[in-house]
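Asks:
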Amino acid sequence: MRNRPIGVFDSGLGGLTAVREIQRIMPGEDIIYFGDTGRVPYGTRSRETIIRYTKDDIDFLLRHNIKLIVAACGTASSVALPVLYDKYDVKIMGVLEAACKKAVSVTKNNRIGVIGTVGTVKSGKYAELITKLNPKMQVFSAACPLFVPLVENGYSESKAAQLIAKDYLLPLKNEKVDTLILGCTHYPLLTKVISDIMGDEVTLLSPGALAAQEARGYLEKENLLSDKESGTSQFYVSDSVENFAELGGTFLGKPIKSSVHLAEAFEQ
Ligand code: DGL
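If you count by the numbering used here, then the sequence shown holds residues 238 to 505, one letter each, in order.
1. Report the CB separation of T354 from T281 in whole angstroms; it is logged as a contact under 8 Å.
2. The ligand DGL heavy atoms versus the CB of D294: any closer than 8 Å?
3. Hey, is T286 close to the ligand DGL, as in C-beta under 8 Å from one of its heavy atoms?
4. Check whether the Cβ of D555 sits closer than 8 Å to any heavy atom of the ligand DGL, and report yes or no.
5. Using the Cβ count rule (16 or more neighbours within 10 Å means buried), how would you classify Y270?
6. Helix or strand or just coil, what does DSSP make of G252?
7. On the CB-based measure, 16 or more other CB atoms within 10 Å of its CB, does E504 come out buried or exposed?
8. Looking only at its own chain, which residues have a Cβ that is under 6 Å from the Cβ of G350, when we skip the five neighbours before and after it?
9. Can you find the residues in the same chain that come closer than 6 Å, C-beta to C-beta, to G251, ignoring five residues on each side of it along the sequence?
10. Using the three-state DSSP reduction, which class does V497 fall into: helix, strand or coil?
11. So, under 8 Å CB-CB, E389 and V430 are touching, yes? Tell me the CB distance rounded to an integer number of Å.
12. According to DSSP, is G486 part of a helix, a strand, or is it coil?
13. Assess contact between the stretch 356-370 and the stretch 289-307, defined as three or more Cβ pairs (one per stretch) separated by less than 8 Å. Is contact present?
14. Are there three or more Cβ pairs, one per stretch, closer than 8 Å when the stretch 256-269 is compared with the stretch 320-337?
15. Here's the rule I'm using: 16 or more other beta-carbon atoms within 10 Å means buried, otherwise exposed. How should T469 be labelled?
This is how it looks when you write it as structure tokens:
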């Protein structure tokens, strides 16, 4: 059981924020990644559709004999997981809990910003969890629907990204948040643009990376950490292998082309 892979999924590239951290802190783990690039974005879709897509993603990973699933997608975690969690035997972790706990522990002025997709912000789950952890917290949320297409198309550091980010983020900056949860896993790929606007004094949190740390804690506790020295990562996508390989390889800091495959069940 311990040497089975960890399954990670997202609508596209965003879940690589979890993969990068898993590779860093658990180098012995095998990873099966699924990016639903043929159907990205999830965040602008209806609740029913997000639940259906999330179910497909989980079912795909289950075919790979995995020991744990990390739903490295803020939208799936906040909209779909609450109704899907208990339908599976395998442990499924979302990205909300670790990020909310961290935000509550690092904020000094109790003013926390959350940015995410329309679906995530509409669900209100981040705010709900944060105020449940500490009712003194004030949460300011904003949906940033254009961020995902910017990332998926390789425009993360463009002028367009800067202009759009200013529009989305200035209201949160004006609220004087000192901690900002990048509540969609795609957003850490825009870290430079976001931190230029928010300033060094605002702590940016990456839910994908924090979920990876939480996953390590879980595997350790359950005695399920791999005993191998180095693991492999295989990436499956439901659309263009090339685009994912290029942008994903840049983000992970190493070429991944030979490990990126078209997911057969999703072949169109
Ligand atoms: N990366 C995802 C999230 O964390 C999904 C973005 C999208 O597909 O809209 O919300």
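Idealized CB from N, CA, C, for every residue including glycine. On a predicted model such as this, the values are computed, not experimentally measured, just so you know.
Replies: Taking the definition as stated:
1. To locate residue 354, count along the sequence shown from 1; it is residue 117. To locate residue 281, count along the sequence shown from 1; it is residue 44. Correct: roughly 7 Å between the Cβ atoms.
2. By 1-based counting over the sequence shown, the position of residue 294 is 57. No, since every heavy atom of the ligand DGL falls outside the 8 Å radius drawn around the Cβ of D294.
3. As a position in the sequence shown, residue 286 is number 49, starting the count at 1. Not so, every heavy atom of the ligand DGL lies at least 8 Å from the Cβ.
4. This structure gives no information on residue 555, because the portion of the chain shown stretches from 238 to 505.
5. In the sequence shown, residue 270 corresponds to position 33, counting from 1. Classification for Y270: buried.
6. Here the question's residue 252 lines up with position 15 in the sequence shown. In the structure shown, G252 sits in coil (DSSP, three-state: anything other than H, G, I, E or B).
7. The sequence position of residue 504 within the sequence shown is 267, counting from 1. Because E504 carries a pLDDT of 49, less than 50, the predicted location of this residue cannot be relied on, and no value is offered for it.
8. If you number the sequence shown from 1, residue 350 lands on position 113. Closer than 6 Å at Cβ, skipping near neighbours: F377, L409, V414, L417.
9. On the sequence shown, residue 251 is found 14 positions in, with the first residue counted as 1. So the qualifying residues of the chain are T422, H423.
10. Within the sequence shown, numbered from 1, the residue matching residue 497 stands at position 260. Correct three-state label for V497: strand.
11. Numbered from its first residue, the sequence shown carries residue 389 at position 152. Numbered from its first residue, the sequence shown carries residue 430 at position 193. Not really, about 15 Å apart at Cβ, beyond 8 Å.
12. Mapped onto the sequence shown, residue 486 falls at position 249. Looking at G486 - three-state DSSP - the assignment turns out to be helix.
13. no
14. no
15. Along the sequence shown, read from residue 1 onward, the residue named residue 469 stands at position 232. T469 comes out exposed.
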